[in-house]
Amino acid sequence: MSQPYLSQIETGTRPVERRATLVALAGALDVSIADLTGQPGDPTDPVRAAAAAHVPAIREALIRREVGELEEPHHEVRQLMAAGGAYDFAAAAPMLPNLLGGLHGGDLVQVAHVGTYTLKHLGYADLARDAARLAVAEARELGDPAWIGIAEFVRILAMPPEMPGAPTRLAQRVADEIQPHIGDPQARQAYGMLHLHAALRAAVDRRSDVALDHLREAGEAAQSLGEPEDLGLARFAFGPTNVGFWTVSVQLELGEPQLAIEASELVAPGWIPLANRQAPYFADVATALAQVGRDHEAIAAFLRAEAVGPQWVRLRPTVRDTIGSIIRRTKRNALTKQMRSAAVAVSLRQLVKD
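In terms of UniProt numbering, the sequence shown has 269 at position 269, counting the first letter as 1, and numbering is strictly consecutive.
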């Protein structure tokens, strides 16, 4: 990464829009991505603070579970899954200590998944990995290939982006492990999700051929299954629409914004009524549009992401960077109401003050 490019990032004239760019930037500065981005979101945001207030209790529950001290669950798994699917971290976080501390089986794997991405988005990567390890241990004890696949997906989710190769290799190993069982539709859903994750991580590593091979394998599994009923195994919603979402992400990571836009035009996001799928999809579409200079459409797409997943959008440094870049390159007298709204949504109010 050249010094002029680093300078453009530092001044905000060049946004950090891709995971691969974050990885390269962290490598150039010899720091981790966590050190580079710090705690995500505005620390004074009351919604983020409300969620983060429960992190000590989550940590304690994970430690107690590790030493065999379980508690009786009194929250409904269904409630937590709904909050997680809505990317409502403030609602999910209070339920996590009790559910992580007492559940078993597939329910625990699902709860650990919500715990993993809640903790990760709040900036507690080490605790997220603890929750993911709990999911894997439980799934391995169950011995069910479908749940093993889901749990290992969660473990890959918790792995830091700056680990080139390892996440893709793990996804491939586990996919190979459960491949003999994909006559079972649930195992096939997990198999497909592993290939999607492998595709994205390979794209972050800039291994285009590998990424596209994994994407094709996932697509074939999705076509054989069709769209899932009731959001499918563990509410992962694996099917053609979800593969479409991930295709946009993969093309964006590969530096192909036009292909990402074209892929998005084939997707009907309403098939998956989950904020934790729709918000990243709209943000990816917005980023691709911004990269090809379609700023007004990009802002509209960012606002769609914010409408379905406001807490998630506020915690995403790449979303903030891209919106900030659009605002900075737009003449002040040309700033639209939508641009101002997008800036306020990601705590960049200072850029649009009159």
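Here a beta-carbon is modelled for each residue, glycine too, at the ideal position from N, C-alpha and C. Quick caveat: nothing in here was measured; it's all calculated off a predicted structure.
Tell me which residues share the same chain as residue i and place their Cβ nearer than 8 Å to its Cβ, disregarding the 5 neighbours each side in the sequence.
{"i": "Val243", "result": "Gly192, Leu196, Leu215, Ala218, Gly219 and Ala222"}
{"i": "Met95", "result": "His75, Gln79, Leu80 and Ala83"}
{"i": "Glu60", "result": "Pro97"}
So, at 7 Å on beta carbons, what are the nonlocal neighbours of residue i in its own chain, with the 5 sequence-adjacent residues on each side left out?
{"i": "Pro257", "result": "Ala288, Gln291 and Val292"}
{"i": "Ala279", "result": "Tyr87, Ala305, Val308, Gly309, Trp312 and Val313"}
{"i": "Leu348", "result": "Arg320, Ile323, Gly324 and Ile327"}
{"i": "Ala263", "result": "Gly244, Thr247, Val248 and Gln251"}
{"i": "Tyr124", "result": "Val55"}
Straight-line CA distance for residue i to residue j?
{"i": "Thr44", "j": "Ala190", "result": "38 Å"}
{"i": "Trp271", "j": "Pro185", "result": "19 Å"}
{"i": "Thr336", "j": "Ala300", "result": "11 Å"}
{"i": "Ala56", "j": "Arg129", "result": "Checking the sequence shown, residue 56 turns out to be Pro, not Ala. Their backbone Cα atoms lie some 15 Å apart in a straight line."}
{"i": "Ala334", "j": "Asp295", "result": "12 Å"}
{"i": "Ser224", "j": "Pro73", "result": "37 Å"}
{"i": "Ala199", "j": "Asp213", "result": "8 Å"}
{"i": "Val267", "j": "Glu253", "result": "18 Å"}
{"i": "Leu274", "j": "Arg329", "result": "33 Å"}
{"i": "Arg140", "j": "Pro46", "result": "38 Å"}
{"i": "Arg316", "j": "Phe282", "result": "13 Å"}
{"i": "Leu99", "j": "Lys353", "result": "44 Å"}
{"i": "Ala52", "j": "Leu62", "result": "16 Å"}
Skipping 5 residues on each side, what residues in its chain have a beta carbon closer than 6 Å to that of residue i?
{"i": "Gly84", "result": "Ala92 and Val114"}
{"i": "Ile261", "result": "Ala288"}
{"i": "Val285", "result": "Ser264 and Ala301"}
{"i": "Arg201", "result": "Pro167 and Thr168"}
{"i": "Phe236", "result": "Met193"}
{"i": "Ile58", "result": "Leu96 and Pro97"}
{"i": "Pro240", "result": "Ala222"}
Is the beta carbon of residue j closer than 8 Å to that of residue i?
{"i": "Arg48", "j": "Gly101", "result": "no"}
{"i": "Ala351", "j": "Ala343", "result": "Note on identity: in this sequence residue 351 is Leu, with Ala being the wrong assignment. Going by C-beta atoms, Leu351 is nearer than 8 Å to Ala343."}
{"i": "Met159", "j": "Ala151", "result": "no"}
{"i": "Gly149", "j": "Leu194", "result": "yes"}
{"i": "Val107", "j": "Val77", "result": "The question names Val, yet the displayed sequence has Asp at residue 107. Cβ atoms of Asp107 and Val77: closer than 8 Å."}
{"i": "Leu127", "j": "Phe89", "result": "no"}
Round the Cβ separation of residue i and residue j to the nearest angstrom and send it over; I've been treating them as touching at under 8 Å.
{"i": "Arg173", "j": "Ile182", "result": "Not really, about 15 Å apart at Cβ, beyond 8 Å."}
{"i": "Ala132", "j": "Val154", "result": "5 Å"}
{"i": "Leu119", "j": "Val111", "result": "With a Cβ gap of about 12 Å, Leu119 and Val111 do not count as contacting."}
{"i": "Gly105", "j": "Leu142", "result": "6 Å"}
{"i": "Thr116", "j": "Leu170", "result": "Between Leu170 and Thr116 the Cβ distance is about 15 Å, and since that is not below 8 Å, they are no contact."}
Taking 7 Å as the cut-off, does the CB of residue i come closer than this to any heavy atom belonging to the ligand MN?
{"i": "Ile156", "result": "Among the components of this structure there are no ligands whatsoever, and the ligand MN is therefore not found."}
Segments assigned beta strand (DSSP E), at least 3 residues, entirely inside the stretch 51 to 102: Runs found: none.
Runs of alpha helix (DSSP H) wholly within the stretch 221 to 294 (minimum 4 residues, chain order): Runs found: 240 to 253, 257 to 264 and 275 to 291.
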